[in-house]
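Report on the structure given below.
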Amino acid sequence: MSTELTSPSIPQRWDSPFDSLLAPEIIALLLQDAPLPEELPDEAGRALQMLIRVKSAPALAGIDPTRFPQHLPLDGILLNDARLLTKDINEIIIREGDYGNSAFVILRGSVTLIADNLPAHLLGRGSRERKGFMAMVKGALRRKGDPETRVHHTERFEAGSDQGDAPSIFLQDVPRVLDGSRTHTIHAGEMFGEIAALGRCPRNATIISAEANTEILEIRWQGLRDLMSFAPEFKEHVEDRYRQFGLRPLLQGLDLIRRLDPAHVETLVQETRFERHGRFDWYGTYQKLLSASSAADRLRNEPMILMESDYINGLMIVRGGFVRVSHSHHGGEKTISYLGMGQTYGLTEILHNHAHPDQVIPAQHSLRAIGYVDILVIPTHLVEECIIPSMTPSEVAEHSRPLRTQRETNDLALTDHSSLDARDRLGPGMMDFLMDKRTINGSAAMLIDLDRCTRCDDCVRACASTHDGNPRFIRYGDHQEGVQVAQACLHCHDPICMIPCPTGAIHREDTGEVVINDSTCIGCSSCASNCPYDNIQMVEIRDEHGLPQFPSHHEQDGERLNLFSEGSLKRATKCDLCFDQKAGPACVRACPHDALQRFDMQDIDSIAQWLSR
Amino acid sequence: MAVSIKFFVKRRLANAALLLVTGVLCVLLWRTLEAALRPQALYSGFALLLLLLLLTAFNARKKLPFLPLLRASHWLQFHVYSGFLSVLLYGLHTEFRFPSGTLEISLSLLFAIVALSGFVGLYLSRSLPPLMARSGEPLTYEAIPKFEFRLRREVEDLVQTTEKSSGTSAVGDLYLQHLSAHFKPRSVWASLLGKPKKMLSRALENIDKVQRYTGEDEHEVLEKLRACVRQKHNLDIQKGSQFLLRGWLFVHIPFTYSLLITSFAHAWIALVYTPSR
Ligand code: SF4
Ligand code: SF4
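Line by line, the protein sequences give chains Z and X. Heads up: the first sequence at position 69 corresponds to 69 in the working numbering, and the numbers run straight through without jumps. Throughout, the working numbering is defined as the position within the second sequence, counted from one, plus 1000.
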């Protein structure tokens, strides 16, 4: 076996192994083609032991290493994309609501899954507090641009020395929590966390270590993806678990399926296919792509999910990410709309073919992955057997109408979802702009109507007044046809910023806002570097005298470190949608000219209405 | 075919209707009070003072964004239409007479300035944003001088390099004789009064003239110059418009406070010296 050939100048897949403690030379030594030397360095010996144990864990045991290509060997994946964690009793491994991109395999010990929602303070998150009246008045009196002050700031977390940059967080008040909650024990050899990691959705349960010294293998998504690609048994295992725990509730949440009898639901759960398209890490390349290529090139770069005029072999349900819907037009492709989570495609064609078996029509549009897309496909015959019979005549008519209209006018779009004529309502330029800039990811994107905005900056001043003198957005940004997308957090449907946060300080509130908990933010700037829209600012924090603050842990190995060597303390800041204000987002309420509005970009109707006021 | 009325049109119609009804009611009330020999000047004076206070409260609302006090856009609507109403009330209160006496004249003058600046402000707020939106890149006012400086340097570099490489002075002469004035950073007043549209078309015409007797390579440079001329035009529009959009408030707000103080003085005098019945 040999390691991947690397060029010193181009960043390679395994330039930085997940386990920062495992030196690249050790990994190279273990992966070499030649037999291992008798005398191995301690570190290599330990890593080898780990490999042997990992490969015998039931979740990974059946994997056939010969199926992996030479440049991506199984051992290479396990050494580079996985790391060993040792967790103490009651230490939190996964926290409900967090985003993460790793799955876990228990090697020794066991963990407890807590299915109930736990209060934020028990999870070390700090609770959501609305600002008091006096605090609001005080904040409003501060001048715009005053330094970011944190009084009596304490660092709650320090980087764990044994596990890279992951700090330890313990569940509080465990006996009482476990007493009143629905729990489930996961034993050694089993896997958890892969559903949220692969679907990029929030964790839906909290998992804590049930024993001291529980050993867990954490596999990052790159490794998971490769294991899924080259180890069909592993893929099957993951998909089985998803069918068991994730798919059923998801399908039952859909209008068309909710009403079906349990036997039909079960059939759908067993037969639904999973498809993933595009790059999981789209955000790393999209800005480059945007500036480098023409619109047609960008379109060609988006992976095709379904080609116009292909036979529709199932009802497609978007589970995550965004899909571009287009159709051919004068030799090119004309974008009609986009689909987001929970939206479907294909029902209209299936209904038509079911009603007219002698005039079968193919897909009327092409579907392409914008970034990364996760799709569920319910095979056509099951749609015909289980779903169509349960549809009311008016539902059938509603889904068939666009086809009739299209035949009559030979122009209009054929759609399952009302948003598919979005192009007509938003205009072609706007549609492409929102997709190219990935603004469609926003659940609360700030749009400014430049035809009405008098540039008075009342919105910015209101933001500053509600955030202790420091506005959390810039009235500046890309614009199209008189509409500007301001440089303010979009509160994304797919909040990429949350993925690398080591403490879960950046999180989504129950009400949907993506906010940063200042008391658990360690200022590592992972979120800021991951936000593809540059909407997080790292700010230097000051004490009440206006002086910079420095880390308090300035002793290491008994040696006193230079207090200033590590730089001053920083905190991540961004728009929090005024979640702690009684009155809601100050920017929207402050605009006297009805020029500024926040939009869920999936709500095309509202955007279209706003644009044509 | 049903015509769907747009939101802003609908709102304007509704508010105008409400204003009309309120105005008619005010006139009727005035007539009734007059017929009943009630002190209608006193009542209208108080109504006017109250309205003035409410109109001024809009500015206070802006300073308290955290209070759940309706959206600023609702306040602005109220501010605009009450502003119109206050003109009618003022007319009724003064019985549409010319003022006499120092206090009355000062009050009327102040009222006229505030009302007029308000109407001008409303007109500017509705007419300039679309103009700015169509003229090019949206810019922040504070950043405009920096862009002016950068653009001028860019153009001068381009002209010098072209002169050196082509060995002819056509582009250099064009710049010196016709374009340098266009690219000179202008004061806001010059941006406003210098007829930016006319300057733009004149600069473009001059470039067109030179194009006729220049070679292919220079055509490319001239195309770049055209783009820069348009950018400068945008800078002028942005600078002038944003200055006006900020400037009118420097008249409207201080005069509002002066009007308020003078009105209180007038009310106090009226109360003290009005013979009790
Ligand atoms: S910080 Fe960036 S990635 Fe995160 S929610 Fe806001 S806009 Fe999206
Ligand atoms: S408050 Fe409204 S009009 Fe003023 S700058 Fe902000 S968006 Fe523009």
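A virtual CB, placed ideally from N, CA and C, is assigned to each residue, including glycine.
Inset, instruction - Quick one: which residues of the segment 1236–1269 of chain X get their C-beta closer than 8 Å to a C-beta of chain Z? List them in chain order. - result: Gln1242, Leu1245, Arg1246
Legend entry - Test: histidine 152/Z CB closer than 8 Å to a CB of chain X: For histidine 152/Z, the predicted model reports a pLDDT of 46, less than 50, meaning its position is unreliable; a value from the coordinates is still stated below. False, the Cβ-Cβ gap to chain X never drops below 8 Å.
Legend entry - alanine 464/Z beta carbon near ligand 2 (any heavy atom closer than 7 Å): Here the distance from the Cβ of alanine 464/Z to the nearest heavy atom of ligand 2 is not below 7 Å.
Inset, instruction - Just tell me which of Arg46/Z, Ala59/Z, Gly132/Z, Met601/Z has its CA closest to the CA of glycine 340/Z. - result: Met601/Z
Inset, instruction - State yes or no: is the beta carbon of tyrosine 533/Z nearer than 8 Å to at least one beta carbon in chain X? - result: no
Inset, instruction - Return helix, strand or coil for arginine 276/Z, following the three-state DSSP convention. - result: strand
Inset, instruction - Determine which residues share a DSSP beta bridge with leucine 339/Z and list them. - result: Val323/Z
Inset, instruction - Would you mind telling me which residues of chain X sit closer than 7 Å to lysine 437/Z, beta carbon to beta carbon, in chain order? - result: Near lysine 437/Z there are no residues of chain X at all, since even the closest Cβ is about 15 Å away, more than 7 Å.
Legend entry - Integer-rounded CB distance, given that alanine 1133/X should sit under 8 Å from glycine 482/Z: 5 Å
Legend entry - Rounded Cβ spacing between asparagine 80/Z and proline 17/Z (contact assumed at less than 8 Å): At roughly 4 Å, the Cβ-Cβ gap stays under 8 Å, so asparagine 80/Z and proline 17/Z are in contact.
Legend entry - Cβ-based burial, threonine 415/Z [other Cβ within 10 Å; buried from 16]: Because threonine 415/Z sits at a pLDDT of 42, beneath the cut-off of 50, its placement in the model cannot be relied upon, and the point is left open.
Legend entry - Pairwise C-alpha distance: asparagine 1234/X and serine 1135/X: Taking the straight line joining both Cα atoms gives about 5 Å.
Legend entry - Contact with chain Z by methionine 1001/X, beta-carbon distance below 8 Å: Here methionine 1001/X scores only 46 on pLDDT, less than 50, and its place in the model should not be relied on; the value that follows carries that caveat. So no, methionine 1001/X is outside the interface.
Inset, instruction - List the whole-angstrom C-beta distance separating aspartate 576/Z from valine 515/Z, where the pair is believed to meet the contact cut-off of C-beta under 8 Å. - result: 4 Å between Cβ atoms; contact.
Inset, instruction - Check whether the Cβ of alanine 1072/X lies closer than 8 Å to any Cβ atom in chain Z. - result: yes
Legend entry - For proline 175/Z, the nearest candidate out of Gly199/Z, Met191/Z, Ile208/Z, Arg203/Z (CA to CA): Looking at the Cα atoms, Ile208/Z is the closest of the given residues.
Inset, instruction - Using a Cβ-Cβ cut-off of 8 Å, state whether alanine 355/Z counts as contacting chain X. - result: no
Legend entry - Limits of the unbroken beta strand (DSSP E) element including isoleucine 169/Z: Careful: isoleucine 169/Z lies outside any beta strand (DSSP E) and carries neither H nor E.
Inset, instruction - Can you give me the start and stop residues for the beta strand (DSSP E) that serine 366/Z sits inside? - result: It spans 366–379 - the beta strand (DSSP E) in which serine 366/Z sits, taken as one unbroken run.
Legend entry - Spatial distance of serine 606/Z from leucine 596/Z (CA atoms): Leucine 596/Z has its alpha-carbon roughly 14 Å from the corresponding atom of serine 606/Z.
Inset, instruction - Compute the Euclidean distance between the alpha carbons of leucine 1244/X and valine 1188/X, then round it to the nearest angstrom. - result: 9 Å
Legend entry - Pairwise C-alpha distance: proline 1039/X and leucine 1033/X: 7 Å
Inset, instruction - Please check if any C-beta of chain Z sits within less than 8 Å of the C-beta of tyrosine 1141/X. - result: yes
Inset, instruction - Might you give, ordered along the chain, the residues of its own chain that have their beta carbon closer than 8 Å to the beta carbon of threonine 149/Z, omitting 5 neighbours on each side? - result: Asp468, Ile541, Arg542, Asp543, Glu544, Gly546
Legend entry - Environment of serine 419/Z [buried if 16+ CB atoms lie within 10 Å]: Residue placement at serine 419/Z is flagged as unreliable, the pLDDT there being 47, under the threshold of 50; a coordinate-derived value is accordingly withheld.
Inset, instruction - With a 10 Å radius around its C-beta and 16 neighbouring C-beta atoms as the bar for buried, classify alanine 263/Z as buried or exposed. - result: exposed
Legend entry - ligand 2 site residues, beta-carbon cut 6 Å against heavy atoms: Ile448/Z, Cys453/Z, Thr454/Z, Arg455/Z, Cys456/Z, Asp457/Z, Asp458/Z, Cys459/Z, Arg475/Z, Ala590/Z, Cys591/Z, His593/Z, Ala595/Z, Leu596/Z
Legend entry - Per DSSP, the bridge partner or partners of alanine 1143/X: DSSP lists no partner for alanine 1143/X.
Legend entry - Cβ pair glycine 253/Z, isoleucine 195/Z closer than 8 Å: no
Inset, instruction - Mind checking who glycine 332/Z pairs with in its DSSP beta bridge? - result: His329/Z
Inset, instruction - Spell out whether any CB of chain Z is found under 8 Å from the CB atom of phenylalanine 965/X. - result: Here chain X has residues from 1001 to 1277 only, and residue 965/X is not among them.
Inset, instruction - Specify the secondary structure class of leucine 1089/X as computed by DSSP and reduced to three states. - result: helix
Inset, instruction - Within 10 angstroms of the Cβ of glutamate 1223/X, are there 16 or more other Cβ atoms? Answer buried if so, exposed if not. - result: exposed
Legend entry - Exposed unless 16 or more other CB atoms sit within 10 angstroms - verdict on histidine 507/Z: buried
Legend entry - Endpoints, alpha helix (DSSP H) assigned at phenylalanine 433/Z: 428–436
Inset, instruction - May I ask which residues mark the beginning and end of the beta strand (DSSP E) holding serine 1362/X? - result: Nothing about residue 1362/X can be reported from this structure: the residues present for chain X run from 1001 to 1277 only.
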